[in-house]
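The sequence shown begins at 0 in numbering that gives the first Met the number 0 and counts up by one. Shown next, in structure tokens, is the structure this report addresses.
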Amino acid sequence: MESVTKNRQSLESLRTMVERGFGPQQVPEGDGFATELTDGFFNALYQIRLADGKEVVLKIAPPAGVPVLTHEHDMMRNEIAAMDLVRRESSVPVPELFHVDLSREVCDADYFFMELVDATCFGIAADAGRLPPHVVEAGFEHLGSLNRDLNAIVGTHFGQLRGPGFGTWREAATTMFRTVLADGVRAAVDLGWDPDVVLKAFEDHADVLDDVIEPRLVEVDLWAKNSMMRDGRIVAIIDHERAMFGDPLMEAGLTGLDLPSFPDPAPFMRGFGLAALDDSQRTRRHLYTLWLAVTMLVETTYRQQSPQQYRWACEQLDIAMGLLGRTT
Numbered sequence: 000m001e002s003v004t005k006n007r008q009s010l011e012s013l014r015t016m017v018e019r020g021f022g023p024q025q026v027p028e029g030d031g032f033a034t035e036l037t038d039g040f041f042n043a044l045y046q047i048r049l050a051d052g053k054e055v056v057l058k059i060a061p062p063a064g065v066p067v068l069t070h071e072h073d074m075m076r077n078e079i080a081a082m083d084l085v086r087r088e089s090s091v092p093v094p095e096l097f098h099v100d101l102s103r104e105v106c107d108a109d110y111f112f113m114e115l116v117d118a119t120c121f122g123i124a125a126d127a128g129r130l131p132p133h134v135v136e137a138g139f140e141h142l143g144s145l146n147r148d149l150n151a152i153v154g155t156h157f158g159q160l161r162g163p164g165f166g167t168w169r170e171a172a173t174t175m176f177r178t179v180l181a182d183g184v185r186a187a188v189d190l191g192w193d194p195d196v197v198l199k200a201f202e203d204h205a206d207v208l209d210d211v212i213e214p215r216l217v218e219v220d221l222w223a224k225n226s227m228m229r230d231g232r233i234v235a236i237i238d239h240e241r242a243m244f245g246d247p248l249m250e251a252g253l254t255g256l257d258l259p260s261f262p263d264p265a266p267f268m269r270g271f272g273l274a275a276l277d278d279s280q281r282t283r284r285h286l287y288t289l290w291l292a293v294t295m296l297v298e299t300t301y302r303q304q305s306p307q308q309y310r311w312a313c314e315q316l317d318i319a320m321g322l323l324g325r326t327t
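See below:
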């Protein structure tokens, strides 16, 4: 995917990063050692072949001068913290980190090298029709089970892992929702709705957020495309940068409950251990769908995405507002 946030580097810069991470003996010769991985929306990714033939993945945060949403500042550091937390406190498989450089000396952004997982991206393979239906269904069920295990990790505050922390989920969620709306106003994003009306729709139902009393690790961005599959099983979870402590009901695998353009959530829910939602849970899920829809719509301007993506995001926001009793 194309995005102005992708911080592409010259071969010379990539060689310097390799030398910092693995030493001069691993700096590759020639020009064919780096292949850009283009499926992501935000960071630059390269598959790097070291001098000894070992393959690794290099992930680079956006350039310093490119505008990003407020919660996306230093987001790679949040991902590093999340990967460390998952590795320490769960058995959920995540790639090994080999080298982290936060100095911003080689380029104007954080970067890290991590393990190249020898597996297929589950979501891409499923969308391309390369997997039989029973494997896709089992994959979503397994993803739900892994997501449930991640949610078992309990934090000491609500909000982003590295802070700022909040004492209640209602305060954390409302603050973060207000912030993404403000990001949209700052970039003059036309939501198709008055931002104050969108905020009121959220806040009019925010009392249900008080039902969340324990801050659980929430991946937020755990779509099928952020999981790797081998022999019909998920063998790694990637892209932990948006993880926070909050309500597991905001996980991506449940989005299809509200938005029909997303995958059927039934197999995910089986693995997740969720049968039916009560009134509070249903309203909370609607709030998270609204939050996601606003974020996707605001991102179209910040990422300089296509008019088609903007129109699609507008449709999702209209649906989300309707779920909360607002109609155009």
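Cβ coordinates follow ideal geometry from the N, Cα and C atoms, glycine included.
| Under the three-state DSSP convention, the category residue 226 falls into | Position 227 of the sequence shown, counted from the start, is the residue given in the question as residue 226. Three-state DSSP puts residue 226 in a strand.
| query | Since residue 288 contacts residue 251 with CB under 8 Å, what's their CB separation in whole angstroms? | reply | Taking the sequence shown and counting its residues from 1, one reaches residue 288 at position 289. Taking the sequence shown and counting its residues from 1, one reaches residue 251 at position 252. Going by Cβ atoms, the distance from residue 288 to residue 251 rounds to 11 Å, so no, they are not a contact pair.
| request: Would you check if the distance between the CB atom of residue 142 and the CB atom of residue 233 is smaller than 7 Å? | output: Here residue 142 refers to the residue found at position 143 of the sequence shown. Here residue 233 refers to the residue found at position 234 of the sequence shown. The answer is yes: Cβ separation under 7 Å.
| request: Whole angstroms is fine: what's the gap from residue 294's alpha carbon to residue 25's? | output: Position 295 of the sequence shown, counting from 1, holds the residue named residue 294. Position 26 of the sequence shown, counting from 1, holds the residue named residue 25. Near 41 Å, if we compare the C-alpha coordinates of residue 25 and residue 294.
| said: Once the 5 residues before and after residue 274 are set aside, which same chain residues still bring their CB inside 8 Å of it? | reply: In the sequence shown, residue 274 corresponds to position 275, counting from 1. So the qualifying residues of the chain are 268.
| Under the three-state DSSP convention, the category residue 40 falls into | Taking the sequence shown and counting its residues from 1, one reaches residue 40 at position 41. Coil at residue 40, not helix or strand.
| request: Use the C-beta contact count for residue 159: other C-beta atoms within 10 angstroms, 16 or more gives buried, fewer gives exposed. | output: Residue numbering aside, residue 159 sits at position 160 when the sequence shown is read from its first letter. Label assigned to residue 159: buried.
| task | Less than 8 Å between the CB atoms is what I'm expecting for residue 42 and residue 60, so what's the real figure, rounded? | result | Taking the first residue of the sequence shown as position 1, residue 42 is located at position 43. Taking the first residue of the sequence shown as position 1, residue 60 is located at position 61. Residue 42 to residue 60, Cβ: 6 Å. Contact.
| query | Per DSSP, residue 235 is paired with what? | reply | As a first step, residue 235 is located in the sequence shown; it is residue number 236 there, counting from the start. Residue 235 is bridged to 227.
| Considering only C-alpha positions, which residue in the set 223, 114, 201 is nearest to residue 170? | Within the sequence shown, the letter at position 171 stands for residue 170. Out of 223, 114, 201, 201 has the C-alpha closest to the C-alpha of residue 170.
| Residues near residue 94 by beta carbon distance below 7 Å, same chain, minus five either side | For the purposes of this step, residue 94 is identified with residue 95 of the sequence shown, where counting begins at 1. So the qualifying residues of the chain are 113, 114, 116, 235, 237.
| How long is the line joining the alpha carbons of residue 260 and residue 71, rounded to whole angstroms? | As a working note, residue 260 is residue 261 in the sequence shown. As a working note, residue 71 is residue 72 in the sequence shown. Approximately 25 Å between the Cα atoms of the pair.
| request: Please determine, among 11, 17, 124, 313, the residue with the shortest C-alpha to C-alpha distance to residue 291. | output: Within the sequence shown, the letter at position 292 stands for residue 291. That would be 313, whose Cα lies nearest to the Cα of residue 291.
| query | At a cut of 8 Å, does the segment 98-112 reach the segment 210-221 through at least three beta carbon pairs? | reply | no
| Residues bridged to residue 59 (per DSSP) | Sequence index remark: in the sequence shown, residue 59 carries index 60 (1-based). Beta-bridge pairing links residue 59 to 43, 110.
| message | Using 8 Å for Cβ pairs, my map puts residue 12 next to residue 106. What's the rounded Cβ distance? | response | On the sequence shown, residue 12 is found 13 positions in, with the first residue counted as 1. On the sequence shown, residue 106 is found 107 positions in, with the first residue counted as 1. The pair is a contact, with the Cβ atoms about 6 Å apart (cut-off 8 Å).
| Quick one: what does DSSP say residue 91 is sitting in, helix, strand or coil? | Mapped onto the sequence shown, residue 91 falls at position 92. Residue 91: coil per DSSP, three-state reduction.
| request: Determine the contact status of residue 75 and residue 239, defining contact as a CB-CB distance below 7 Å. | output: The residue labelled residue 75 in the question sits at position 76 within the sequence shown. The residue labelled residue 239 in the question sits at position 240 within the sequence shown. Not a contact, by the Cβ cut-off of 7 Å.
| task | Look up residue 312 in the DSSP assignment and say whether it is helix, strand or coil. | result | Position 313 of the sequence shown, counting from 1, holds the residue named residue 312. Note: residue 312 maps to helix in three-state DSSP.
| Are residue 217 and residue 245 close, meaning C-beta to C-beta below 7 Å? | One-based indexing of the sequence shown puts residue 217 at position 218. One-based indexing of the sequence shown puts residue 245 at position 246. Result yes, Cβ atoms of residue 217 and residue 245 sit closer than 7 Å.
| field | Residues of its chain near residue 241, where Cβ-Cβ distance is below 6 Å and the 5 sequence neighbours each way are ignored | value | Position 242 of the sequence shown, counting from 1, holds the residue named residue 241. Result list for residue 241: 219, 220, in chain order.
| said: Could you tell me the alpha carbon to alpha carbon distance between residue 137 and residue 104, rounded to whole angstroms? | reply: Along the sequence shown, read from residue 1 onward, the residue named residue 137 stands at position 138. Along the sequence shown, read from residue 1 onward, the residue named residue 104 stands at position 105. When rounded, the distance between both Cα atoms is 45 Å.
| task | Could you tell me which residues DSSP pairs with residue 213 in its beta bridges? | result | On the sequence shown, position 214 is the one that residue 213 refers to. Answer by DSSP bridge pairing: none, since residue 213 is not bridged.
| said: Can you tell me whether residue 119 is helix, strand or coil according to DSSP? | reply: Sequence index remark: in the sequence shown, residue 119 carries index 120 (1-based). Of the three classes helix, strand and coil, the one that applies to residue 119 here is strand, per DSSP.
| query | Which residues mark the beginning and the end of the beta strand (DSSP E) in which residue 346 is found? | reply | In the structure as shown, the chain begins at 0 and stops at 327. Residue 346 is therefore absent and cannot be evaluated.
| task | Write down the C-beta distance between residue 168 and residue 176 rounded to the nearest angstrom, noting that I regard them as a contact closer than 8 Å. | result | Working through the sequence shown from its first residue, we reach residue 168 at position 169. Working through the sequence shown from its first residue, we reach residue 176 at position 177. In fact, because the Cβ distance is near 12 Å, the residues do not count as touching under 8 Å.
| task | Would you decide whether residue 299 is buried or exposed? Buried here means 16 or more other CB atoms lie within 10 Å of its CB. | result | Position 300 of the sequence shown holds residue 299. Residue 299 should be labelled buried.
| field | Exposed unless 16 or more other CB atoms sit within 10 angstroms - verdict on residue 132 | value | On the sequence shown, position 133 is the one that residue 132 refers to. The residue in question, residue 132, is exposed, as its Cβ has fewer than 16 Cβ neighbours within 10 Å.
| request: Compute the Euclidean distance between the alpha carbons of residue 20 and residue 98, then round it to the nearest angstrom. | output: Your numbering for residue 20 matches position 21 in the sequence shown. Your numbering for residue 98 matches position 99 in the sequence shown. Going by the C-alpha atoms only, they are around 5 Å apart.
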